[in-house]
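Protein chains: 2
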Amino acid sequence: MRFFRTKPGPLVLMSYLLANITGTFLLLLPWATVKPGSATLLEAWFTATSALTVTGLIVVPTDTYWSLFGHTVILLLMQIGGLGLMVMATLVLTALGMKIQLGHRALIAQERNHFSISGVVKLVKNVVILTLIIELIGIIALAMLLPGIWDNGWLEGLFFTTFHAVSAFNGAGFDLTGESLAPYKDSSAIIFVFTVLILIGSLGFVVLQELFVSRKWKRLSLHSRLVLWVTSAIALVGSFFYYVTSIERGVDELPWVHQLVYSLFQAITRTAGFTTEPVTIWAESFILLMILMMFIGASPGSVGGGIKTTTFGTIILAVWAFVRGRKEVVLFEREIATESVLKAFIVVVTAALLVFVSTFFVMLVEGLPFKPVLFEVVSALATVGLSMGITAELSAFGQVIIGLLMLIGRVGVLSLITILAGREARKARYMKESILIG
Amino acid sequence: MRFFRTKPGPLVLMSYLLANITGTFLLLLPWATVKPGSATLLEAWFTATSALTVTGLIVVPTDTYWSLFGHTVILLLMQIGGLGLMVMATLVLTALGMKIQLGHRALIAQERNHFSISGVVKLVKNVVILTLIIELIGIIALAMLLPGIWDNGWLEGLFFTTFHAVSAFNGAGFDLTGESLAPYKDSSAIIFVFTVLILIGSLGFVVLQELFVSRKWKRLSLHSRLVLWVTSAIALVGSFFYYVTSIERGVDELPWVHQLVYSLFQAITRTAGFTTEPVTIWAESFILLMILMMFIGASPGSVGGGIKTTTFGTIILAVWAFVRGRKEVVLFEREIATESVLKAFIVVVTAALLVFVSTFFVMLVEGLPFKPVLFEVVSALATVGLSMGITAELSAFGQVIIGLLMLIGRVGVLSLITILAGREARKARYMKESILIG
Ligand SMILES: [K+]
Ligand SMILES: [K+]
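In structure tokens form, the structure reads like this:
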């Protein structure tokens with residue numbers, strides 16, 4: 147077991163790989179598709195990868211192509227991917243009564259980007275309980291709201307509801323309607339439930355624990371406050387510009403509650419990839435804003451991807467400090483360590499370079515125009531799943547690139563670099579009040 | 147004179163503003179246009195700004211709209227803008243026999259991003275002499291090569307030649323042909339002369355001095371080596387992908403010398419903005435690559451803009467160091483200071499944010515698609531002047547934004563922030579072997 151103790155990094159990658167291969171294999175089974183045996187290796191791998199990384203990009207229609215068995219595999223992959231394989235592994239080990247080694251604990255802390263090693267086991271329990279409670283509330287809410295789901299019996303209705311609640315909370319964006327949330331676009335209540343589920347899932351378990359478990363709302367950690375500020379700012383800016391750029395399509399003629407919920411949903415879905423309308427009808431300027439919002443993504447330790455809200459917040463604070471001629475990057479009267487700032491910049495630049503290189507080569511090989519390729523690449527790397535509709539039309543080369551970007555995005559640029567560089571999890575670094583990057 | 151000694155920054159801005167206003171005024175004069183009195187304030191301001199910042203974006207055709215007087219104003223603005231107003235100011239002061247104050251010297255060092263205060267006066271002399279020699283060689287070369295320029299007499303021929311040599315060396319990209327270098331696209335010799343003039347102008351005077359004045363080729367400074375490496379790498383990558391993406395337009399059927407020169411020119415023109423063919427016929431993937439190459443731009447202390455080759459080199463080295471798990475960013479066996487690395491990241495991110503915000507608002511207001519707006523915004527901020535043809539069609543709002551971006555780009559994001567923050571020029575910082583950023 148020396149391997150696991152000294153180099154925990156590869157275990158993460160191997161677990162992802164194992165789940166990826168298992169998922170692909172299961173989706174290749176004849177009874178995974180409606181037409182028996184019709185899934186190609188690429189279709190199965192892409193779909194399994196998309197579900198495991200909770201991205202939601204698809205190359206075949208989820209509802210009509212995959213069978214109930216296929217849908218179940220996708221549901222499980224989303225849940226496994228969302229909760230985090232390492233959390234699952236620890237759970238299994240705990241259930242078996244095994245003493246968790248320090249090296250292994252450090253790994254979970256690293257995978258979820260967590261502060262300290264102490265209390266990881268407790269955290270994992272809280273994570274799972276919280277996830278199940280929120281998903282259960284989501285299932286109940288959707289069961290009461292979604293129209294016509296009981297038409298084919300209660301079992302199918304319950305599966306349909308569960309699938310969407312899990313897909314929403316884990317920010318996966320998979321749907322069984324064939325057109326995402328378009329059928330429910332006129333119901334403020336349904337859109338609101340999805341918005342809340344996606345939002346909670348995108349905050350990260352550190353924030354959720356502080357908000358819902360320990361409930362010390364007046365003394366939130368530096369990390370949680372930064373997450374809540376940046377998330378709120380993006381939600382505000384995103385909603386506002388969605389509203390402004392959608393007036394020409396008559397959004398201002400809806401009831402005002404629906405205007406609010408509908409606009410808010412468009413900003414929040416940047417981490418999940420559900421849509422109420424085709425992305426292609428959005429104004430060009432809002433598409434550009436969405437590319438940035440997707441790139442920023444969710445918060446550390448959450449089900450979402452992207453460079454993370456705290457990373458974005460840190461670089462904005464750093465630029466602002468520089469503009470004001472200050473050497474220290476200050477947040478809520480605390481100084482952010484130079485190392486954190488540098489790390490934030492490295493994450494942003496590495497992700498941007500990855501986006502550039504991928505976009506360039508996909509365009510070069512596929513001969514496709516700039517905007518949809520950039521959109522799809524950012525959507526994949528940030529595990530968003532919003533699409534301008536080109537993913538299904540890409541050649542095998544393009545689909546493999548998009549698939550690899552989803553995997554890289556889920557593992558995280560920073561984690562991937564750290565793992566590949568073969569460094570040990572740095573246990574001492576995250577001890578004090580510190581900002582999570584990447 | 148206390149003002150100049152304690153706060154030199156505003157002097158730079160004021161000088162630019164003064165030159166900008168004077169240029170605008172001169173182009174507003176009735177005899178500046180072919181049709182007397184036909185220039186609007188916006189046309190005159192935009193053209194003066196474009197010439198002063200050596201960008202080359204235009205809203206009216208240079209050749210048919212402006213008179214010989216107008217062309218002369220543009221020529222002088224390009225020369226003033228390229229050489230740098232502060233170098234000019236110092237020259238004037240030296241000529242008047244005034245003792246240059248330390249504060250003022252520091253300013254020039256800052257404006258040209260130079261290493262040390264000692265030797266600034268000598269440097270300025272070298273800069274001017276070098277500029278004039280290179281431009282003279284350019285004029286002679288072009289006078290021998292350009293076809294049909296003597297048809298309207300030697301005076302007009304000489305002006306035509308001088309205009310293009312100055313425009314090329316100062317990376318301005320203004321032309322009197324009405325279609326840039328398209329008339330000369332079949333002459334390897336002419337394209338080669340332009341390529342060399344642009345390339346030399348983009349290296350920066352520190353590098354030029356080491357290459358041509360002190361000639362210590364075997365012991366080039368860290369700075370010069372980084373400049374030459376990054377410039378070569380971009381030239382190689384840019385030429386290669388221009389070639390690859392242009393085979394469908396038959397570039398591989400040209401004589402091989404012409405293939406080489408022609409492809410090299412397309413990578414080098416990223417700092418000047420001359421073209422041999424409309425930008426719009428380029429492959430989408432090459433347009434994306436060009437956006438990055440423009441964003442990177444020229445080298446510090448040169449006539450060009452962008453985040454600068456050394457900034458790009460530094461962040462690449464920093465990312466590479468991080469991937470390898472190293473804490474030190476090492477270049478040619480020297481460690482780059484953390485402060486330099488952080489500064490490089492701040493320049494990149496600030497420039498990227500500026501590009502994003504400008505692109506977003508121009509798209510929002512003008513209702514134009516993503517790609518040409520992004521291209522034009524990057525072209526303006528990096529004072530490149532390549533255009534997808536939308537600048538002339540923008541509303542006043544869009545043209546003012548583009549004009550302001552050119553000014554910000556010429557002053558430099560870093561310098562502008564430093565000046566606005568009201569900090570003193572840091573004299574002690576650049577004393578030892580160090581990397582120039584921004
Ligand atoms: K997603
Ligand atoms: K230019």
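From first to last, the protein sequence lines are chains A and B. Using the working numbering, read the first sequence as starting at 147 and increasing by one per residue. Using the working numbering, read the second sequence as starting at 147 and increasing by one per residue. Each residue gets a CB set at the ideal place from its N, CA and C atoms; glycine is no exception. Being a predicted model, the structure only gives us computed values, none of them experimental.
(request) Hey, could you find the ends of the alpha helix (DSSP H) B/P518 is sitting in? (result) 516-527
(request) Per DSSP, which residues does B/V89 bridge with? Please list them. (result) Missing from the structure shown is residue 89 of chain B; chain B here goes from 147 to 584 and no further.
(message) Using only CA atoms, which one of B/A413, B/P424, B/T456, B/P446 lies nearest to B/M436?
(response) B/A413
(request) Return the CA-CA distance between B/G450 and B/T529, expressed in angstroms with no decimal places. (result) 7 Å
(message) Could you tell me the alpha carbon to alpha carbon distance between A/S333 and A/W428, rounded to whole angstroms?
(response) 20 Å
(message) Looking only at its chain, what residues have a beta carbon closer than 6 Å to the beta carbon of A/F411, apart from the 5 residues adjacent to it on each side?
(response) I337, T341
(request) Indicate the three-state DSSP secondary structure (helix, strand or coil) for B/T308 in the structure shown. (result) helix
(request) Report the rounded CA-to-CA distance for A/L597 versus B/L322, giving the unit in angstroms. (result) Nothing can be reported for residue 597 of chain A: it is not among the residues displayed for chain A, which extend from 147 to 584.
(request) State the DSSP-derived secondary structure class of B/T323, mapped to helix, strand or coil. (result) coil
(message) Just checking A/A318 against ligand 1 - is the residue's beta carbon closer than 7 Å to any of the ligand's heavy atoms?
(response) yes
(message) Tell me which residues share the same chain as B/A314 and place their Cβ nearer than 6 Å to its Cβ, disregarding the 5 neighbours each side in the sequence.
(response) F340, L343, I344
(request) Throw me the rounded Cβ distance for the B/G97 and B/V205 pair, which I believe falls under 8 Å. (result) Absent from the model: residue 97 of chain B. The displayed extent of chain B is 147 to 584, so no value can be given.
(message) Given this structure, state the Cα-to-Cα distance separating B/N166 from A/T456, to the nearest angstrom.
(response) 41 Å
(message) I want to see whether chain B comes within less than 8 Å of A/M509, judged by CB atoms only; does it?
(response) yes
(message) Just to check my reading of the structure: B/M534 and B/F516 have Cβ atoms closer than 8 Å, yes? What is that Cβ distance to the nearest angstrom?
(response) Incorrect: roughly 11 Å between the Cβ atoms, too far for contact.
(request) Measure how close the beta-carbons of B/Y388 and B/Q405 come, nearest whole angstrom, since I'm counting them as under 8 Å. (result) At roughly 10 Å, the Cβ-Cβ gap does not stay under 8 Å, so B/Y388 and B/Q405 are not in contact.
(message) Using CA atoms only, rank isn't needed, just tell me which of B/I442, B/W296, B/T168 is closest to B/G216.
(response) B/T168
(request) Within the same chain, show all residues whose beta-carbon is closer than 8 Å to that of B/L500, passing over the 5 residues directly before and after it, in chain order. (result) L527, L551, I554, V559
(request) Compute the beta-carbon to beta-carbon distance between A/G384 and A/G347, rounded to the nearest angstrom, for a pair I have assumed lies under 8 Å. (result) Rounded, the Cβ-Cβ distance is 17 Å, inconsistent with contact.
(message) Does the beta-carbon of B/G350, which I'm using as the reference point, lie nearer than 7 Å to any heavy atom of ligand 2?
(response) no
(request) Could I get the ranges of all uninterrupted beta strand (DSSP E) runs contained in the stretch 400-486 of chain A, with 3 residues as the minimum, in chain order? (result) 475-477, 480-482
(message) Less than 8 Å between the C-beta atoms of B/I461 and A/V495, yes or no?
(response) yes
(message) What I want to know is whether the C-beta of A/G531 ends up closer than 7 Å to one or more non-hydrogen atoms of ligand 1.
(response) yes
(message) The alpha helix (DSSP H) that contains A/T179, what's its start and end?
(response) That residue, A/T179, is in no alpha helix (DSSP H); it is neither H nor E in DSSP.
(message) In the DSSP output, which residue or residues are listed as bridge partners for B/W296?
(response) Paired residue(s): none; B/W296 is not in a bridge.
(message) Between A/K517 and chain B, is any beta-carbon pair separated by less than 8 Å?
(response) yes
(message) Comparing C-alpha positions only, which one of B/G202, B/R361, B/S541, B/A381 sits nearest to B/S525?
(response) B/G202
(request) Grab me the residues of B/R472's own chain with a C-beta within less than 6 Å of its C-beta, minus the 5 sequence neighbours each way, in chain order. (result) none
(request) Return yes when the Cβ of B/V353 is within less than 8 Å of the Cβ of B/S370, no when it is not. (result) yes
(message) Bridge partners for B/W212 per DSSP, in chain order?
(response) B/T179
(request) Rounded to whole angstroms, what's the CA-CA distance from B/Q545 to A/K331? Just pull it up for me. (result) 39 Å
(request) Compute the Euclidean distance between the alpha carbons of A/F306 and A/F171, then round it to the nearest angstrom. (result) 24 Å
(message) Tell me the rounded alpha-carbon separation between B/G183 and A/L532.
(response) 53 Å
(request) Go through its chain and collect everything with a Cβ distance to B/W191's Cβ below 7 Å, but skip five positions before and after it. (result) T170, G549
(request) Would you mind reading off the limits of the alpha helix (DSSP H) that contains A/W191? (result) 187-198
(request) Can you tell me which of A/K489, A/A467, A/E481, A/A185 puts its alpha carbon nearest to the alpha carbon of B/V469? (result) A/K489
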